[in-house]
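**Student:**
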Amino acid sequence: MADANDPGLLTPAETSLLIDRYEITMAASYHRLARNDTAVFELFVRKLPPHRHWLLVCGLGPTLRLITEMRFGPAEVEYLGTLGFKPDFVDYLEGFRFSGEIDAMPEGSIAFPDEPLVRVTAPLIDAQLLETLLLNQINFQTMIATKAARVALAAGRPESVVDFSPRRDHGIDAAVKVARASAIAGLGGTSNMAAAMRYGLRPVGTMAHSYVLSFESEEAAFEAFMRDNPEDALLLVDTYDTLEGVRHAIEAASGTGIPLTGIRIDSGDLADLARESRRLLDEAGMTEAVIVASGDLEEHRIAELRRAGAPIDLWGVGTELGTSRDSPVVNGVYKLVAERSGETWRGVAKHSEGKATLPGAKQVFRRFEGETMAEDTVGTAEEELEGESLLVPAMRAGEIVHEETLDRMRERTRRSLDSLPVDLRSGGGKPPYPVRHSAALTEAARSVAAG
């Protein structure tokens, strides 16, 4: 057993136990009853989170990798034995390798309520054991990608936004996933060096107030920093007085002969300070120096500053991005929708109030008018309806068949956001985007409800 100060990072084997107790209890019962025919589960969102009119799907790639690595190793097998699980079931888990199929919306796709984001077709036990892992990964990363996409839309140029969030993120794994999801949403870099190295992102950073405070004067700090960073001399100017800081930055550039890359403002009236800073920089002939803004920025504040004409070139977004503070939960669910007994398939559905589901494996078809999304239809997986089929093969026989580069996912995001109706792109969205059910799906639901 790890001590209380263990950092909590899971090995691939330990990830096999990233399951809720009830899942493995049900799996043990299925095993005892010899019920392990093929089943279909779907991950979807019943309703959009507050302040959201769409979701940007994210997290599939890392999740598929985790699924391929799922193993119940010796420690996990021994632990399950101490909980009273029968030896034959534990032996089954020791040989576990996911062998099923997964279809999913690719990362960077736009999704709406009641549309399956992920569909799992696998032996019942295999599919059940994926529940928590899928929800843990897809819910969080979709939440962050959606927030990042909203910020990118507000900024106008996604590449002008940088992820400054790791110090506020909820853990090490979250910080890395935030950087990845932000990159898929189109953001231009991250302050997170671990994520930058892992995913090939642009590492971005300036300096902290502590650096300035460690010197006798702001002028001395700026000159030292510029000499040590001549290729990226971007100075934080609001440690004492922001506009005096800009003047000191200009003087440091003149004194060292090193071009001033730019300045960062982290507090105060960003619009007024940016305008006056721009004037000072331009008068000094430093028209190429950029202005970076940070400090509790999010999409509404960025849009407000842009409307005010603030001459800000880059936006560092931290807490609001990494925690999606205004809407911190995507409440995706994972439900059984069909099971096979022998050669016979049976669609299943919940009827409980407020939590009803639709039976059978499903596909989402998106119709466009020109380049703009017009309507989605959720139909049965066997149908071929008008529009683009959104769920694509991701795994077959337990092997990944859909892998993409970050550039490909970023490009899909760009196309997805460009295709949003104008009111949805600008943060409106009333009435909501139309999502209907096909006649075949409606009839299947009626038939299951009738018993």
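In this note's numbering, the protein residues as written are 1401 to 1851.
Glycine is no exception: its CB is placed at the ideal position from the N, C-alpha and C atoms.
#1: Which residues bound the beta strand (DSSP E) around Ala1749?
#2: Indicate whether Gly1695 and Ser1741 have their beta-carbon atoms separated by less than 7 Å.
#3: Once DSSP output is grouped into helix, strand and coil, what is the label at Ile1502?
#4: Measure the C-alpha to C-alpha separation of Ile1424 and Trp1745 and round it to an integer number of angstroms.
#5: Taking all protein chains shown into account, decide if Val1445 is buried (16 or more other Cβ within 10 angstroms of its Cβ) or exposed.
#6: Using the rule of at least 16 other Cβ atoms within 10 Å of the residue's Cβ for burial, across every protein chain shown, is His1648 buried or exposed?
#7: DSSP on Tyr1734, reduced to helix/strand/coil?
#8: Our contact map puts Arg1580 next to Gly1718 with C-beta atoms below 8 Å; I'd like the distance itself, whole angstroms only.
#9: Just to confirm before moving on: does the CB-CB distance between Ala1761 and Phe1768 stay below 7 Å?
#10: Spatial neighbours of Glu1501 within its chain, please: CB distance less than 7 Å, with the 5 preceding and 5 following residues excluded, ordered by chain position.
#11: What residue does the beta strand (DSSP E) around Leu1634 start on, and which one ends it?
#12: What is the residue span of the beta strand (DSSP E) that Met1773 lies within?
#13: Apart from the five residues on each side of it in sequence, which residues of its chain come closer than 6 Å, Cβ to Cβ, to Ala1653?
#14: For Ile1584, which residues of its own chain have a beta-carbon under 7 Å away from its beta-carbon, when the five flanking residues on both sides are left out?
#15: Considering only C-alpha positions, which residue in the set Ile1572, His1431, Arg1465 and Ser1499 is nearest to Ala1413?
#16: Considering only the beta carbon of each residue, do Leu1533 and Ala1427 sit closer than 7 Å?
#17: Give the DSSP-derived three-state secondary structure of Glu1739 in the structure shown.
#18: Verify the contact flag: Leu1533, CB atom, against every heavy atom of the ligand NAD, threshold strictly below 6 Å.
#19: Assuming Thr1463 contacts Ile1525 under a Cβ cut-off of 8 Å, what Cβ separation, rounded to an integer in Å, is found between them?
#20: Using 8 Å for Cβ pairs, my map puts Ile1572 next to Leu1409. What's the rounded Cβ distance?
#21: DSSP on Met1795, reduced to helix/strand/coil?
#22: Between the alpha carbons of Gly1556 and Pro1487, how many angstroms are there, rounded?
#23: Going straight from the alpha carbon of Glu1618 to that of Gly1709, what length do you get?
#24: Using beta-carbon positions only, say whether Glu1442 and Val1764 come within less than 7 Å of one another.
#25: Under 7 Å between C-beta atoms, does Arg1550 make it to chain D?
#26: Where does Thr1606 fall in DSSP's three states?
#27: What residue from Glu1720, Pro1711 and Val1690 has the CA that sits closest to His1700's CA?
#28: Excluding sequence positions up to five away, which residues of its chain have a Cβ less than 7 Å from the Cβ of Thr1656?
#29: Just checking, does the segment 1589–1602 make contact with the segment 1558–1568 on the three C-beta pairs under 8 Å criterion?
#30: Out of Leu1705, His1570, Lys1735 and Gly1605, which one is the CA nearest neighbour of Leu1535?
#31: Excluding the 5 residues preceding and the 5 following Tyr1430 in the sequence, name in chain order all residues of the same chain whose CB lies nearer than 8 Å to its CB.
#32: Note down, in chain order, each residue of its chain lying with its Cβ closer than 8 Å to the Cβ of Glu1531, except the 5 sequence neighbours on either side.
#33: Mind checking His1751: buried by the 16 CB within 10 Å criterion, or exposed?
#34: Ends of the beta strand (DSSP E) at Arg1664?
#35: Excluding five sequence neighbours on each side, which residues of the same chain lie with their C-beta closer than 7 Å to the C-beta of Gly1645?
**Tutor:** Looking at the coordinates:
#1: Per DSSP, Ala1749 belongs to no beta strand (DSSP E) and is neither H nor E.
#2: no
#3: strand
#4: 24 Å
#5: buried
#6: buried
#7: strand
#8: That pair is no contact at about 16 Å.
#9: no
#10: Thr1521, Ala1522, Met1795 and Arg1796
#11: Leu1634 to Leu1636
#12: Thr1772 to Thr1780
#13: Leu1660
#14: Cys1458, Glu1507, Gly1508, Ala1545, Leu1806, Met1809, Arg1810 and Thr1813
#15: Arg1465
#16: no
#17: strand
#18: The ligand NAD is not part of the structure shown, which contains no ligands of any sort.
#19: No, Thr1463 and Ile1525 are not in contact; Cβ-Cβ is about 19 Å, not under 8 Å.
#20: 7 Å
#21: strand
#22: 59 Å
#23: 29 Å
#24: no
#25: Note that chain D does not occur in the displayed structure, where there is just one protein chain.
#26: coil
#27: Glu1720
#28: Glu1623, Met1626 and Arg1627
#29: yes
#30: Lys1735
#31: Asn1436, Leu1524, Ile1525 and Gln1528
#32: Ile1419, Asp1420, Glu1423, Phe1441 and Tyr1734
#33: exposed
#34: Gly1662 to Ile1665
#35: Glu1618, Val1637, Asp1638 and Thr1639
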